[in-house]
Amino acid sequence: GADGLFWVGRYAERTDCAIRVLRTLLIGITDATQPWRARDAEPVLNLAAWLELVPLIDQSLSAQPITLVQAALLDPDHPGGVVANLRRLLTAARSVRDRLPLDCWRIFMALERHTDVPAGRAPPVRLQLRLEELMTLGAALSGAIAETMFRDAGWRFMEIGRRLERAIYLITMMRGLPAAPHADTRVRPIEERRLLSAIIALTDLRDSEGGEPQDGALDRAAVIRAVLASEHDPRSLVFQLGQLTEHLSALP
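First residue of the sequence shown: 53, per this note's numbering; consecutive thereafter.
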């Protein structure tokens with residue numbers, strides 16, 4: 053039972069991370085006023101590739117990013133896609149059904165409906181709505197777990213799975229952060245504000261942590277520090293490590 057709960061935690065978080073990446077990519081490339089150039093999308097595409105949502109970037113440049121989002125979100129045969137991860141989550145949850153509260157099962161049943169995908173291509177607005185609904189269901193599942201599960205060893209194993217998966221995601225994301233802009237004009241830099249805005253969206257970073265000053269400028273060092281080292285943000289790397297330490301220490 054404990055290993056099943058561990059994988060429920062991991063797959064729930066893995067699915068949430070994939071949805072955040074695809075949502076950020078879709079918003080960037082479909083922006084009505086200033087859509088991302090290919091180079092602007094590179095950091096998020098790199099992260100998506102490392103999460104096995106899209107092919108490696110040197111193989112995917114021939115494909116339109118919107119096509120990659122469509123496949124990762126809707127293709128049931130995509131091994132690293134959202135549908136495949138939802139199915140893994142549901143399989144893990146069924147293996148420990150007696151350990152999960154009824155409120156959690158209501159949300160799992162709603163998530164299961166997203167494993168039956170419509171045939172054909174979906175327009176960007178439908179993709180966006182689907183991603184938003186999945187994010188809402190993921191947040192509801194986290195809330196149900198937090199409010200209704202007994203604080204026993206099984207709950208700790210689920211939390212260990214979640215925190216471990218989120219830490220891996222954050223480390224993977226920061227791997228794709230390019231060097232700061234420099235004076236070499238032969239290299240067309242990624243627009244700094246877009247890059248930092250994408251990181252904020254991927255991590256749900258709060259303004260009070262990441263530092264968006266009143267003049268609207270984004271501070272790279274402050275954003276990186278908040279993502280990696282904020283002790284108060286439940287989505288930061290150091291917070292995940294602290295939670296892992298706490299739960300492992302409390303296990304019998």
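Positions of the beta carbon are idealized from the N, C-alpha and C atoms, including for glycine.
Item to complete: Assuming Q292 contacts R173 (C-beta within less than 8 Å), just tell me the rounded distance between them.
Response: Wrong, their Cβ atoms sit about 37 Å apart, outside the cutoff.
Worksheet item: Hey, G133 and A124: beta-carbon distance below 8 Å or not?
Response: yes
Worksheet item: Can you give the Cα-Cα distance for Q266 and D55, rounded to whole angstroms?
Response: Only weak support exists for where Q266 lies, its pLDDT of 44 falling under 50; the value from the coordinates is given anyway. Cα to Cα, Q266 sits roughly 47 Å from D55.
Worksheet entry | Proximal residues to S112 (C-beta, below 8 Å), its chain only, five neighbours per side dropped | Because S112 carries a pLDDT of 47, less than 50, the predicted location of this residue cannot be relied on, and the following value inherits that uncertainty. Within the same chain, S112 has close Cβ partners L97, A101, V106, L120.
Practice prompt. Evaluate H299 with the Cβ neighbour count: other Cβ atoms within 10 Å of its Cβ, from every protein chain shown; 16 or more gives buried, anything less gives exposed.
Written response: buried
Worksheet item: Does the segment 83-91 come within contact of the segment 149-168, defined as at least 3 CB pairs closer than 8 Å?
Response: no
Worksheet item: What do you get for F202, buried or exposed, if any count of 16 or more other CB atoms within 10 angstroms of its CB means buried?
Response: exposed
Worksheet item: If you draw a straight line from the C-alpha of R146 to the C-alpha of L186, how long is it?
Response: 19 Å
Worksheet entry | DSSP state of A177 mapped onto helix, strand, coil | One point to set straight first is that residue 177 is Val, not Ala, in the sequence displayed. Of the three classes helix, strand and coil, the one that applies to V177 here is helix, per DSSP.
Practice prompt. Within its chain, find whatever has a CB closer than 7 Å to the CB of F160; leave out the 5 residues flanking it on each side and keep chain order.
Written response: L142, A145
Worksheet item: Where does F58 sit, in a helix, a strand or coil, going by DSSP?
Response: helix
Practice prompt. Compare the C-alpha of D155 against each of L189, D285, D204, G61 and name the closest.
Written response: L189
Worksheet item: Going by other Cβ atoms of all chains shown within 10 Å of its Cβ, with 16 needed for buried, is T76 buried or exposed?
Response: buried
Worksheet item: Contact between the segment 269-276 and the segment 243-253: three or more CB pairs below 8 Å?
Response: yes
Fill in: Continuous alpha helix (DSSP H) stretch holding Q122: start and end
117-126
Worksheet item: Hey, how far is the Cα of G206 from the Cα of H284?
Response: 25 Å
Worksheet item: Does the beta-carbon distance from M210 to G80 come in below 8 Å?
Response: no
Discussion item. Let me make sure I understand the geometry here. Which of L296, G294, L280, R287 has the alpha-carbon closest to that of C69?
Written reply: R287
Practice prompt. Mind checking which residues open and close the alpha helix (DSSP H) that includes F202?
Written response: Taken as a continuous stretch (DSSP letters only), F202 belongs to no alpha helix (DSSP H), as it is neither H nor E.
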